[in-house]
Amino acid sequence: MSAIVAAIPAPKAKTSPFRWPFLVLGLLLLAIFASLTLYAAGNTYMPFDVSLERLIQAVSWGPFVTVFKWFDWLEGSRQLFVSLGAIAVVAVINWKKAPLMAVGALSGTIYVIIQGFIQRPRPSADLVHVIRHTSSFSFPSGHVVFFSWLLVLLIVCLALGRLPRPLLAMAWTAAALVLLLACIGRIYLGEHWPSDVLGGLALGLGWTSLALSVRLLSNPALARKQ
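Each residue of the sequence shown is one higher than the one before, starting from 153 at the first, in the numbering used here.
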(Lines of atoms letter the chains of each structure in order from A; the text may use other names.)
(Lines give C-alpha, C1' and ligand atoms only; values in the text may rest on other atoms or scores of the structure.)
Protein backbone atom coordinates (compact mmCIF):
# COMPACT_ATOMS: atom_id res chain seq x y z
CA MET A 153 0.00 0.00 0.00
CA SER A 154 2.79 2.40 0.89
CA ALA A 155 4.39 1.76 -2.49
CA ILE A 156 1.11 2.63 -4.23
CA VAL A 157 0.73 5.83 -2.21
CA ALA A 158 4.32 6.80 -2.98
CA ALA A 159 3.69 6.29 -6.68
CA ILE A 160 0.80 8.79 -6.70
CA PRO A 161 2.18 12.18 -7.77
CA ALA A 162 1.72 14.94 -5.20
CA PRO A 163 -0.40 17.86 -6.34
CA LYS A 164 1.70 20.79 -7.49
CA ALA A 165 1.42 23.99 -5.51
CA LYS A 166 -0.32 26.66 -7.51
CA THR A 167 1.79 29.71 -8.28
CA SER A 168 0.12 33.07 -7.83
CA PRO A 169 -0.32 35.02 -11.07
CA PHE A 170 1.16 38.02 -9.26
CA ARG A 171 4.42 38.89 -7.60
CA TRP A 172 2.95 40.33 -4.43
CA PRO A 173 5.78 42.67 -3.37
CA PHE A 174 5.62 44.41 -6.76
CA LEU A 175 1.82 44.45 -6.67
CA VAL A 176 1.70 46.04 -3.20
CA LEU A 177 4.38 48.59 -4.13
CA GLY A 178 2.61 49.44 -7.38
CA LEU A 179 -0.77 49.94 -5.73
CA LEU A 180 0.79 52.06 -2.98
CA LEU A 181 2.56 54.33 -5.47
CA LEU A 182 -0.53 54.67 -7.63
CA ALA A 183 -2.57 55.54 -4.53
CA ILE A 184 -0.06 58.33 -3.85
CA PHE A 185 -0.39 59.43 -7.46
CA ALA A 186 -4.19 59.47 -7.16
CA SER A 187 -3.95 61.65 -4.05
CA LEU A 188 -1.60 64.09 -5.77
CA THR A 189 -3.88 64.15 -8.80
CA LEU A 190 -6.92 65.03 -6.71
CA TYR A 191 -5.01 67.87 -5.08
CA ALA A 192 -3.65 69.12 -8.41
CA ALA A 193 -7.16 69.18 -9.84
CA GLY A 194 -8.08 72.04 -7.52
CA ASN A 195 -4.76 73.74 -6.78
CA THR A 196 -2.09 75.26 -8.99
CA TYR A 197 0.67 74.15 -6.60
CA MET A 198 1.19 72.53 -3.19
CA PRO A 199 2.28 74.48 -0.08
CA PHE A 200 5.89 73.30 -0.30
CA ASP A 201 6.29 73.79 -4.06
CA VAL A 202 7.40 77.43 -4.20
CA SER A 203 9.94 77.25 -1.38
CA LEU A 204 11.43 73.95 -2.56
CA GLU A 205 11.66 75.13 -6.17
CA ARG A 206 13.41 78.33 -5.11
CA LEU A 207 15.82 76.29 -3.00
CA ILE A 208 16.74 74.03 -5.92
CA GLN A 209 17.10 76.98 -8.29
CA ALA A 210 19.41 78.74 -5.83
CA VAL A 211 21.97 75.92 -6.10
CA SER A 212 24.81 76.34 -8.60
CA TRP A 213 24.56 73.11 -10.59
CA GLY A 214 27.45 73.91 -12.93
CA PRO A 215 27.82 71.45 -15.83
CA PHE A 216 24.66 69.63 -14.78
CA VAL A 217 22.64 72.51 -16.26
CA THR A 218 23.66 71.26 -19.71
CA VAL A 219 22.32 67.83 -18.76
CA PHE A 220 19.08 69.41 -17.56
CA LYS A 221 18.65 71.13 -20.92
CA TRP A 222 19.40 67.91 -22.81
CA PHE A 223 16.66 66.18 -20.85
CA ASP A 224 14.39 69.08 -21.72
CA TRP A 225 15.08 68.50 -25.44
CA LEU A 226 13.93 64.88 -25.12
CA GLU A 227 10.20 65.61 -25.15
CA GLY A 228 7.01 64.82 -27.06
CA SER A 229 7.53 62.80 -30.22
CA ARG A 230 11.21 62.26 -29.36
CA GLN A 231 10.17 60.30 -26.28
CA LEU A 232 7.83 58.25 -28.44
CA PHE A 233 10.61 57.40 -30.90
CA VAL A 234 13.00 56.46 -28.08
CA SER A 235 10.30 54.27 -26.50
CA LEU A 236 9.61 52.46 -29.76
CA GLY A 237 13.33 52.04 -30.33
CA ALA A 238 13.84 50.57 -26.86
CA ILE A 239 10.97 48.13 -27.35
CA ALA A 240 12.41 47.12 -30.74
CA VAL A 241 15.89 46.51 -29.29
CA VAL A 242 14.48 44.33 -26.52
CA ALA A 243 12.34 42.45 -29.06
CA VAL A 244 15.38 41.71 -31.23
CA ILE A 245 17.38 40.41 -28.26
CA ASN A 246 14.51 38.46 -26.67
CA TRP A 247 11.03 38.94 -28.11
CA LYS A 248 9.40 37.36 -25.06
CA LYS A 249 10.43 40.38 -22.98
CA ALA A 250 9.02 42.95 -25.42
CA PRO A 251 5.42 42.82 -24.07
CA LEU A 252 6.71 43.92 -20.65
CA MET A 253 8.37 46.94 -22.27
CA ALA A 254 5.23 47.74 -24.26
CA VAL A 255 3.01 47.65 -21.17
CA GLY A 256 5.49 49.84 -19.29
CA ALA A 257 5.34 52.37 -22.11
CA LEU A 258 1.58 52.69 -21.56
CA SER A 259 2.37 54.88 -18.55
CA GLY A 260 2.99 57.58 -21.17
CA THR A 261 -0.57 57.22 -22.40
CA ILE A 262 -1.87 57.54 -18.83
CA TYR A 263 0.25 60.66 -18.42
CA VAL A 264 -1.25 62.28 -21.54
CA ILE A 265 -4.80 61.55 -20.37
CA ILE A 266 -4.22 62.82 -16.81
CA GLN A 267 -2.36 65.94 -17.95
CA GLY A 268 -5.13 66.87 -20.36
CA PHE A 269 -7.78 66.28 -17.72
CA ILE A 270 -6.12 68.14 -14.82
CA GLN A 271 -4.66 71.02 -16.90
CA ARG A 272 -2.56 72.41 -14.09
CA PRO A 273 -0.64 75.51 -15.31
CA ARG A 274 3.14 75.57 -15.41
CA PRO A 275 5.05 77.39 -12.61
CA SER A 276 4.53 81.14 -12.73
CA ALA A 277 7.43 83.47 -13.47
CA ASP A 278 6.03 85.71 -10.73
CA LEU A 279 6.90 83.06 -8.14
CA VAL A 280 9.99 81.25 -9.43
CA HIS A 281 12.63 81.59 -12.13
CA VAL A 282 11.34 80.20 -15.43
CA ILE A 283 13.95 79.33 -18.06
CA ARG A 284 11.65 77.61 -20.55
CA HIS A 285 8.02 76.61 -20.82
CA THR A 286 6.31 74.37 -23.33
CA SER A 287 2.69 74.78 -24.34
CA SER A 288 1.47 71.72 -22.44
CA PHE A 289 0.34 71.47 -18.83
CA SER A 290 2.32 70.82 -15.67
CA PHE A 291 0.96 67.81 -13.77
CA PRO A 292 2.47 65.25 -13.80
CA SER A 293 5.97 65.55 -15.23
CA GLY A 294 6.04 63.55 -18.46
CA HIS A 295 9.84 63.43 -18.50
CA VAL A 296 9.91 61.82 -15.07
CA VAL A 297 7.23 59.30 -16.05
CA PHE A 298 9.26 58.48 -19.18
CA PHE A 299 12.59 57.95 -17.43
CA SER A 300 10.96 56.04 -14.56
CA TRP A 301 9.62 53.19 -16.67
CA LEU A 302 12.30 53.20 -19.37
CA LEU A 303 15.38 53.00 -17.15
CA VAL A 304 13.94 50.34 -14.85
CA LEU A 305 12.65 48.07 -17.60
CA LEU A 306 15.76 48.39 -19.77
CA ILE A 307 17.86 47.09 -16.88
CA VAL A 308 15.33 44.35 -16.08
CA CYS A 309 15.10 43.21 -19.70
CA LEU A 310 18.69 43.68 -20.89
CA ALA A 311 20.98 43.52 -17.84
CA LEU A 312 19.28 41.31 -15.25
CA GLY A 313 20.67 37.80 -15.50
CA ARG A 314 23.30 38.89 -18.03
CA LEU A 315 25.63 41.15 -16.07
CA PRO A 316 27.61 40.09 -12.98
CA ARG A 317 26.40 41.59 -9.73
CA PRO A 318 28.97 44.41 -9.51
CA LEU A 319 28.11 45.64 -13.01
CA LEU A 320 24.40 45.23 -12.35
CA ALA A 321 24.74 47.32 -9.19
CA MET A 322 26.56 49.98 -11.24
CA ALA A 323 23.73 49.92 -13.81
CA TRP A 324 21.09 50.46 -11.11
CA THR A 325 23.15 53.25 -9.56
CA ALA A 326 23.58 54.98 -12.92
CA ALA A 327 19.84 54.68 -13.63
CA ALA A 328 19.02 56.17 -10.23
CA LEU A 329 21.39 59.10 -10.85
CA VAL A 330 19.91 59.77 -14.30
CA LEU A 331 16.40 59.73 -12.85
CA LEU A 332 17.46 62.02 -10.01
CA LEU A 333 19.03 64.50 -12.44
CA ALA A 334 15.88 64.40 -14.58
CA CYS A 335 13.77 65.23 -11.52
CA ILE A 336 16.03 68.09 -10.41
CA GLY A 337 16.27 69.44 -13.95
CA ARG A 338 12.52 69.71 -14.42
CA ILE A 339 12.35 71.84 -11.28
CA TYR A 340 15.51 73.88 -11.93
CA LEU A 341 14.34 74.93 -15.41
CA GLY A 342 10.99 76.04 -14.01
CA GLU A 343 9.14 73.53 -16.17
CA HIS A 344 7.44 71.81 -13.23
CA TRP A 345 6.62 72.14 -9.58
CA PRO A 346 8.20 69.59 -7.21
CA SER A 347 4.75 68.04 -6.73
CA ASP A 348 4.56 67.50 -10.52
CA VAL A 349 7.82 65.57 -10.28
CA LEU A 350 6.54 63.53 -7.34
CA GLY A 351 3.44 62.74 -9.36
CA GLY A 352 5.58 61.62 -12.29
CA LEU A 353 7.64 59.34 -10.06
CA ALA A 354 4.55 57.83 -8.45
CA LEU A 355 2.92 57.18 -11.81
CA GLY A 356 6.00 55.91 -13.65
CA LEU A 357 7.35 53.68 -10.90
CA GLY A 358 3.89 52.60 -9.74
CA TRP A 359 2.79 51.50 -13.21
CA THR A 360 6.14 49.77 -13.78
CA SER A 361 5.76 47.89 -10.50
CA LEU A 362 2.29 46.73 -11.52
CA ALA A 363 3.66 45.49 -14.84
CA LEU A 364 6.42 43.60 -13.04
CA SER A 365 3.88 42.10 -10.64
CA VAL A 366 2.10 40.24 -13.45
CA ARG A 367 3.99 36.98 -13.89
CA LEU A 368 2.70 36.47 -17.41
CA LEU A 369 4.49 39.67 -18.42
CA SER A 370 7.55 39.58 -16.18
CA ASN A 371 8.45 35.88 -16.11
CA PRO A 372 10.63 36.07 -19.25
CA ALA A 373 12.74 38.70 -17.49
CA LEU A 374 12.49 37.73 -13.81
CA ALA A 375 11.87 33.96 -13.64
CA ARG A 376 14.89 31.99 -12.53
CA LYS A 377 16.27 29.58 -15.09
CA GLN A 378 16.00 25.97 -14.03
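Beta carbons are placed, not taken as given, at the ideal position from N, Cα and C, and that holds for glycine.
- Close CB contacts of I266 within its chain, under the 7 Å cut and outside five residues either way in sequence, are with T189, P292 (chain order).
- Checking the DSSP bridge columns, you'll see V366 partnered with F170.
- Judged by DSSP secondary structure, V304 falls within the alpha helix (DSSP H) whose first and last residues are 294-306.
- At a Cβ-Cβ threshold of 8 Å, G342 and V297 do not count as neighbours.
- Assignment of P251 by DSSP, reduced to helix, strand and coil, places it in the helix class.
- Within its own chain, the residues whose Cβ lies closer than 8 Å to the Cβ of I239, once the five positions on either side in sequence are excluded, are A250, M253, A254, A257, listed in chain order.
- R171 and D201 have their C-alpha atoms roughly 35 Å apart.
- Under the DSSP assignment, T325 falls in the alpha helix (DSSP H) whose first and last residues are 317-340.
- Here the alpha carbons of L355 and R367 stand approximately 20 Å from one another.
- Contact check for A311 and A323: beta-carbon distance about 5 Å, within the 8 Å limit, so the pair qualifies.
- The C-alpha of S203 is placed about 38 Å away from the C-alpha of L236.
- One alpha carbon belongs to L350, the other to I339, and they sit about 11 Å apart.
- Here G337 is buried: its Cβ has 16 or more other Cβ atoms, across all protein chains shown, within 10 Å.
- Secondary structure of A375 (DSSP, three-state): coil.
- The stretch 266-285 makes no contact with the stretch 315-322: fewer than 3 CB pairs, one atom from each, lie closer than 8 Å.
- Rounded to the nearest angstrom, the gap between the Cα atoms of L181 and G358 is 5 Å.
- By the C-beta density criterion, A328 is exposed, having fewer than 16 other C-beta atoms within 10 angstroms.
- As the crow flies, the alpha-carbon of H295 is around 28 Å from that of R314.
- The shortest C-alpha to C-alpha distance from R206 to any of S361, H344, I184, L369 is the one to H344.
- Secondary structure of G260 (DSSP, three-state): helix.
- The shortest C-alpha to C-alpha distance from K248 to any of F223, Q271, V219, C309 is the one to C309.
- The Cβ-Cβ distance between L362 and L175 falls below 8 Å.
- Within a 10 Å sphere around the beta-carbon of V280 sit 16 or more other beta-carbons, which makes this residue buried.
- With a threshold of 16 other beta carbon atoms within 10 Å, V242 meets it and is buried.
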